[in-house]
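I have placed the structure first, in the form of structure tokens, so that the comments after it can refer back to it.
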Amino acid sequence: MDEFTRTLLFDSAVIAQRVAELGAHISAKYPQGDVLFIGILKGSFIFLADLARAVSVECKIDFAKISSYGNSTESSGVLNVIMDVGQDVKGRNVILVDDIVDTGLTLSEYRKRVEALQPKTVETIALIDKTGRREKHVELDYYGFRIESGFVVGYGLDCDERFRNLPGIYVLS
Ligand code: 5GP
Numbered sequence: 000m001d002e003f004t005r006t007l008l009f010d011s012a013v014i015a016q017r018v019a020e021l022g023a024h025i026s027a028k029y030p031q032g033d034v035l036f037i038g039i040l041k042g043s044f045i046f047l048a049d050l051a052r053a054v055s056v057e058c059k060i061d062f063a064k065i066s067s068y069g070n071s072t073e074s075s076g077v078l079n080v081i082m083d084v085g086q087d088v089k090g091r092n093v094i095l096v097d098d099i100v101d102t103g104l105t106l107s108e109y110r111k112r113v114e115a116l117q118p119k120t121v122e123t124i125a126l127i128d129k130t131g132r133r134e135k136h137v138e139l140d141y142y143g144f145r146i147e148s149g150f151v152v153g154y155g156l157d158c159d160e161r162f163r164n165l166p167g168i169y170v171l172s
């Protein structure tokens, strides 16, 4: 028996359409290519896999693994980076790829860390912009979908490591 009820928010066709649009925007913005995507693990792995294939210009891909804050009210700015980006960032057009922006702490703090590595430009993209609990302003250059609240899973997003493999995005209740 499953203790969760899952309600479909965005099915795989809607996601594919949106990811194609995002890929086209990014390709138009960087016609010269030379984009370094840095996916924030684990939640971004499916989004970035699809986004990278929707981009028609040359790009490179890397990942960073950052643990969630234990207590979201703690805005100490301490970032627990488990695995940092492995490629040289200096002088590159970096796009940070996150699964979901909630309080904004993770992306805003990791962005500062990447900016210190002297990239040429830094942009951010999130599959989902969840606006209702924002604590730190995040400059999101692109987002897939915007929701106000709710805990979402699927398409890479988990609940205690479950549901990442669902092709759609669901809200749990
Ligand atoms: P932040 O609060 O720092 O913006 O979000 C940090 C992380 O919390 C996200 O990258 C994501 O891993 C997790 N998170 C926040 N909201 C949700 C949600 O609705 N569903 C899932 N699966 N993870 C979430």
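Heads up, the sequence shown is in numbering that gives the first Met the number 0, so the first residue is 0 and it goes up one at a time. We treat Cβ as the ideally placed atom computed from N, Cα and C, and that holds for glycine. Here the structure is a predicted model, which is why all the values come from computation and not from measurement.
Taking C-beta separations shorter than 7 Å and ignoring five residues to either side along the sequence, the partners of G32 in its chain run V56, E57, C58, following chain order. Shown here, F44 sits in a helix according to DSSP, grouped into three states.
Here V96 is near I124, since their CB atoms are less than 8 Å apart. Just measuring C-alpha positions, the residue of I94, L104, L106 sitting nearest P118 is I94. Taking 8 Å as the cut-off, the Cβ atoms of V54 and S11 do not count as close.
Annotation for L116: no beta strand (DSSP E) segment contains it, and DSSP assigns it neither H nor E. In the structure shown, V18 adopts helical secondary structure according to DSSP, grouped into three states. Our two residues, V80 and K64, have alpha carbons roughly 6 Å apart in a direct line. Closer than 7 Å to some heavy atom of the ligand 5GP: that describes the Cβ of F150. The beta carbons of S43 and G155 sit closer together than 8 Å.
DSSP places L7 inside the beta strand (DSSP E), whose first and last residues are 5-9. In the three-state DSSP reduction, V77 falls in the coil class, being neither helix nor strand.
The residue among E2, I39, V88, G143 with its C-alpha nearest the C-alpha of E20 is G143. In this structure, the alpha-carbon of D1 lies about 18 Å from that of G167. In the DSSP assignment, N92 forms a beta bridge with V34, T120. Beta-bridge pairing by DSSP links D97 to A125. Closest in C-alpha terms to L40, from the list Y29, F62, A23, D159, comes F62.
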